[in-house]
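Undergrad:
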Amino acid sequence: MDFIAILSIFVLACFVGYYVVWSVTPALHTPLMAVTNAISSVIVVGALIASAAAGSPLSKWLGLAAVMLASINIFGGFAVTARMLAMYKKKGR
Amino acid sequence: MHEALAVNPWVALAYLIAGVCFILALRGLSSPASSRRGNRFGMAGMALAVGTTLATHELASLPEIAGAIAIGAVIGLIIARKIAMTAMPQLIAAFHSLVGMAAVVVGAAAFLNPEAFGIADAVGEIAKVSRVEMGLGVAIGAITFSGSVIAFLKLNGNMSGKPILLPARHLLNLLVLAGIIGLIAYFVTDQAHWVFWTVAALSFLVGFLLIIPIGGADMPVVISMLNSYSGWAAAAMGFTLHNTAMIITGALVGSSGAILSYIMCRAMNRSFVSVIAGGFGAVADTGGAAQTDRPWKRGSAEDAAFLMSQAEQVIIVPGYGMAVAQAQHALREMADKLKEAGVRVKYAIHPVAGRMPGHMNVLLAEANVPYDEVFELEDINGEFAQTDVAFVIGANDVTNPAAKTDKSSPIYGMPVLDVEKARTVLFIKRSMGGVGYAGVDNDLFYRDNTMMLLSDAKKMVDEIVKAMDHA
Numbered sequence: 013m014d015f016i017a018i019l020s021i022f023v024l025a026c027f028v029g030y031y032v033v034w035s036v037t038p039a040l041h042t043p044l045m046a047v048t049n050a051i052s053s054v055i056v057v058g059a060l061i062a063s064a065a066a067g068s069p070l071s072k073w074l075g076l077a078a079v080m081l082a083s084i085n086i087f088g089g090f091a092v093t094a095r096m097l098a099m100y101k102k103k104g105r
Numbered sequence: 498m499h500e501a502l503a504v505n506p507w508v509a510l511a512y513l514i515a516g517v518c519f520i521l522a523l524r525g526l527s528s529p530a531s532s533r534r535g536n537r538f539g540m541a542g543m544a545l546a547v548g549t550t551l552a553t554h555e556l557a558s559l560p561e562i563a564g565a566i567a568i569g570a571v572i573g574l575i576i577a578r579k580i581a582m583t584a585m586p587q588l589i590a591a592f593h594s595l596v597g598m599a600a601v602v603v604g605a606a607a608f609l610n611p612e613a614f615g616i617a618d619a620v621g622e623i624a625k626v627s628r629v630e631m632g633l634g635v636a637i638g639a640i641t642f643s644g645s646v647i648a649f650l651k652l653n654g655n656m657s658g659k660p661i662l663l664p665a666r667h668l669l670n671l672l673v674l675a676g677i678i679g680l681i682a683y684f685v686t687d688q689a690h691w692v693f694w695t696v697a698a699l700s701f702l703v704g705f706l707l708i709i710p711i712g713g714a715d716m717p718v719v720i721s722m723l724n725s726y727s728g729w730a731a732a733a734m735g736f737t738l739h740n741t742a743m744i745i746t747g748a749l750v751g752s753s754g755a756i757l758s759y760i761m762c763r764a765m766n767r768s769f770v771s772v773i774a775g776g777f778g779a780v781a782d783t784g785g786a787a788q789t790d791r792p793w794k795r796g797s798a799e800d801a802a803f804l805m806s807q808a809e810q811v812i813i814v815p816g817y818g819m820a821v822a823q824a825q826h827a828l829r830e831m832a833d834k835l836k837e838a839g840v841r842v843k844y845a846i847h848p849v850a851g852r853m854p855g856h857m858n859v860l861l862a863e864a865n866v867p868y869d870e871v872f873e874l875e876d877i878n879g880e881f882a883q884t885d886v887a888f889v890i891g892a893n894d895v896t897n898p899a900a901k902t903d904k905s906s907p908i909y910g911m912p913v914l915d916v917e918k919a920r921t922v923l924f925i926k927r928s929m930g931g932v933g934y935a936g937v938d939n940d941l942f943y944r945d946n947t948m949m950l951l952s953d954a955k956k957m958v959d960e961i962v963k964a965m966d967h968a
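Protein chains in written order, with the working numbering: chain U, 13 to 105; chain X, 498 to 968.
The structure is reproduced here in C-alpha cells:
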C-alpha cells in the first residue's frame, strides 16, 4: 500500500471516530475508555510479527515482551469493560 | 521485500474487517442495551487481527508466543476481576502505560529487524517514510508511557496530587520537544542507533515533565488525553507496518480521547492549553478557606428523613466523596425506601463528578441504581426548580452557585448543577471547615433553603434509612 492510500484510511477513520464517539452516551464514558484501551492493543499485531520472525534474537525478545504487555491490556481491557457493562441495568429488572 | 505485506488481498481484507469490528464496538456504546454486543464485536475484531497475523507469518517461536499471551491473559483477567470500581481511573492509566510501552518496544523491534516488517530496502536500510512513522510512533508511545505512569501514581495516591512546578518548565518542555522533532528529522538521513534511542529517551523524559505539573483536579482531562495519545501511538505504528486494523483503531482511539478531553475541559470551563500548562490547584489554598462565621443551618438525619419522605421528587447529586465514603449502596437503599413511599427519585451527574469521564455512572451502576434514573447535567438542570429536595452527597464545587454569579471565583463560568433552585437542599459534608477540590468556599451552605448534614456520608445515609424505618 502506498502512503496516500494509508493516509486516506487514517483520515476517514478519524472522521468515523469523531461521529461514533459523540454518539456514545456520557453514562458509558468509563467503559468507552476501557474498551478503547483494549482495542488500541491491536498493536499486538506488530509485536507478533517481531516475535515470529527469525533473524534478530533481540528483536524477537522485544516482540515477546510487547506481546505480553499488550495481552495484559487486551484480556484485562475487554474483561473489565464486560464487567462494567454487566452492571448497567434498567428499572424494574 | 517491501510488497510482502500487501501481497495477499485476503489478509488486508481480514485486517479491514477487524477495524470495522472495532468501529462497531464503539458504536455499541451509544446505549447500555447495545453495549454488551459492541464489546463482543471488539473481542471478535481482536481475535481476527491476532489470528490473521499468526496464520500469515512463518512462526519461528510459537511456544514462546503462546506463553507470552498466556502470561498476559492471566495477569489481565485477574486484574479485571479484582479491581474496585473506585480504582478504575488508576487502572485505565496503568493500561495506557502498557499500550505506550508496547508501542515503544514494537518500534524498537522494527528498528532492529526491519526485514521482518517488510520496511527494509534491498540493502537493509529502512525506508525513509517508515523512519518518520517509526520515530513518531516511538516518541508518542514513550510520552504515553511515562505520562501514564505519573498519572497512575497521582491517582493511586503514591504521589501527591499537588502540582510539582519546575522552574522554566515551559521552556524546558519546548526545548525537549524541539529536540525530539529535530532528531526524528535527522533520523531520515541517518538511521544510527544513537538517534533512535535518544528519541526514545527524550520522549520518556518529556512525558514525565508534561504530567508532573498537572494537579489532581485536572486528572480527568489528563487521563483522557493520554487515552488519545495511546491511540495516536497505535496509528503511527499502523503506518509503519501498513496495517489497516491498527490505523483504524488508532484513529478511533485518538479521536475518542480527544473528544473526552474536550468534554472534561468544557465541564470545568478550562481551556485545554491551561490544563496542559498545569499548576491548577497549586495556589488555591490562599484565601479560599470556608468562612464559618456566616450563619448556616444544621439538620439531623430525622429532619432529612422527614423532608424527603414528604417530597414529591428528590434529586440526588452524588460526587466523588460518596465513593470515597463507600456510601453508594446505602444511598441506593435510601432511594428504594423513598420509592416505596411514592417519592420520585432521580440522580443528577456532573461530567466531572468522578475522577474520570463517566466514573460516577459506573459507581452508581455497581450499586444497582437503574441507569434510566441517572441524568446528565443538561438533561436535569431545568428540573431543580420543580423539585422538593436536592440531596447533595460527596459533591461540592459542581453545586457552587458562585460559578454563575461571582466573577472573581476561580470556578466562575464552570457549568454547575442548579441545586439551590430546589425547595430544600440537603448537603452532606464531613465538617464546615473543609473546601472542595478547587479550594473555594461554597455559597450554597449559607442559603436559607440549605440544611447541612454534618457527618460521614455513609453514616448519615444509614441513619436516614433508620429514621425512615421508625417513621
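Just so you know, even glycine gets a beta-carbon here, dropped at the ideal spot from N, CA and C.
Quick caveat: nothing in here was measured; it's all calculated off a predicted structure.
Report the neighbours of U/Ile16 on chain X: residues whose CB is nearer than 9 Å to its CB, in chain order.
TA: Residues of chain X passing the Cβ test: none, with the nearest at roughly 11 Å.
Undergrad: Quick one: which chain U residues come within Cβ less than 8 Å of X/Tyr868?
TA: Ala39, Tyr100, Lys101, Lys102
Undergrad: Report the neighbours of X/Phe736 on chain U: residues whose CB is nearer than 9 Å to its CB, in chain order.
TA: Phe15, Ile18, Leu19, Phe22
Undergrad: In this structure, how does DSSP classify U/Thr37 when only helix, strand and coil are distinguished?
TA: Shown here, U/Thr37 sits in coil according to DSSP, grouped into three states, outside any helix or strand.
Undergrad: Could you work out which residues of chain U lie near X/Lys741, taking near to mean beta carbons separated by less than 7 Å?
TA: The sequence shown places Thr at residue 741 of chain X, rather than the Lys named in the question. For X/Thr741, the residues of chain U that pass the 7 Å Cβ criterion are Ile21, in the order they occur in the chain.
Undergrad: Measure the Cβ-Cβ separation of U/Ala25 and X/Leu749 and say whether it is below 8 Å.
TA: yes
Undergrad: Tell me, which residues are paired with X/Met949 by DSSP?
TA: Bridge pairing for X/Met949: X/Arg795, X/Phe924 [DSSP].
Undergrad: Can you have a look at U/Trp34 and say buried or exposed, based on whether 16 or more other CB atoms are within 10 angstroms of its CB?
TA: exposed
Undergrad: Do you know how far the Cα of X/Val692 is from the Cα of X/Leu680?
TA: 6 Å
Undergrad: Hey, X/Met911 and X/Arg795: beta-carbon distance below 8 Å or not?
TA: no
Undergrad: Pairing CB atoms from the region 91 to 103 of chain U with CB atoms from the region 857 to 865 of chain X, are three or more of them under 8 Å?
TA: yes
Undergrad: In chain order, what residues of the same chain lie with their CB nearer than 6 Å to the CB of X/Ala1019, ignoring the 5 residues before and after it?
TA: As displayed, chain X neither begins before 498 nor continues past 968, which places residue 1019 of chain X out of reach and without an answer.
Undergrad: Buried or exposed, going by whether 16 or more other CB atoms sit within 10 Å of the CB of X/Glu809?
TA: exposed
Undergrad: Give a yes or no on whether 8 Å exceeds the smallest Cβ distance from X/Glu561 to chain U.
TA: yes
Undergrad: Taking C-alpha atoms, which residue in X/Phe538, X/Asn939, X/Asn878, X/Gly851 lies nearest to U/Thr42?
TA: X/Gly851
Undergrad: If U/Lys72 and X/Ser558 are in contact, beta carbons under 8 Å, what's the gap, nearest whole angstrom?
TA: 6 Å
Undergrad: Give every residue of the same chain whose Cβ lies closer than 7 Å to the Cβ of X/Thr695, excluding the five residues on either side of it in the sequence, and list them in chain order.
TA: Leu680
Undergrad: Would you kindly check if the distance between the Cβ of X/Gly879 and the Cβ of X/Gly816 is under 8 Å?
TA: no
Undergrad: Please specify which runs of the beta strand (DSSP E), each continuous and at least 3 residues long, are wholly inside the region 852 to 920 of chain X, giving them in chain order.
TA: As far as the region 852 to 920 of chain X is concerned, its whole beta strand (DSSP E) runs of at least 3 residues are 871 to 873, 886 to 890.
Undergrad: Around the C-beta of X/Thr737, are 16 or more other C-beta atoms found within 10 angstroms, so that it is buried, or is it exposed?
TA: Looking at its Cβ environment, which holds 16 or more other Cβ atoms inside 10 Å, X/Thr737 is buried.
Undergrad: Could you work out which residues of chain U lie near X/Leu749, taking near to mean beta carbons separated by less than 9 Å?
TA: Ala25, Cys26, Val28, Gly29, Val32, Val33, Thr48, Ile51, Ser52
Undergrad: What are the start and end residues of the beta strand (DSSP E) that includes X/Tyr683?
TA: It is not in any beta strand (DSSP E) - X/Tyr683 instead sits in the alpha helix (DSSP H) that spans 666 to 686.
Undergrad: Please compile the residues from chain U whose C-beta is within a distance smaller than 8 Å of the C-beta of X/Arg533.
TA: Ala94, Leu97, Ala98
Undergrad: State the DSSP-derived secondary structure class of X/Ile661, mapped to helix, strand or coil.
TA: coil
Undergrad: Alpha carbon to alpha carbon, how far is X/Asn766 from X/Ile647?
TA: 24 Å
Undergrad: So what does X/His810 bridge to, in DSSP terms?
TA: Inspection of the sequence shows that residue 810 of chain X is occupied by Gln rather than by His. X/Gln810 pairs with X/Arg841.
Undergrad: What residues match up with X/Ala617 in a beta bridge as DSSP calls it?
TA: X/Ile623
Undergrad: If I'm right that X/Met543 touches X/Glu863 with Cβ under 8 Å, what's the distance once you round it to whole angstroms?
TA: The Cβ separation is near 26 Å, so there is no contact.
Undergrad: If you measure from the beta carbon of X/Thr550 to each beta carbon in chain U, is any gap under 8 Å?
TA: Answer yes: the Cβ-Cβ gap between X/Thr550 and chain U drops below 8 Å somewhere.
Undergrad: Tell me, please, whether the CB atom of X/His690 is closer than 8 Å to any CB atom in chain U?
TA: no
Undergrad: Contact criterion: CB-CB distance below 8 Å. Does X/Val596 meet it with respect to chain U?
TA: yes
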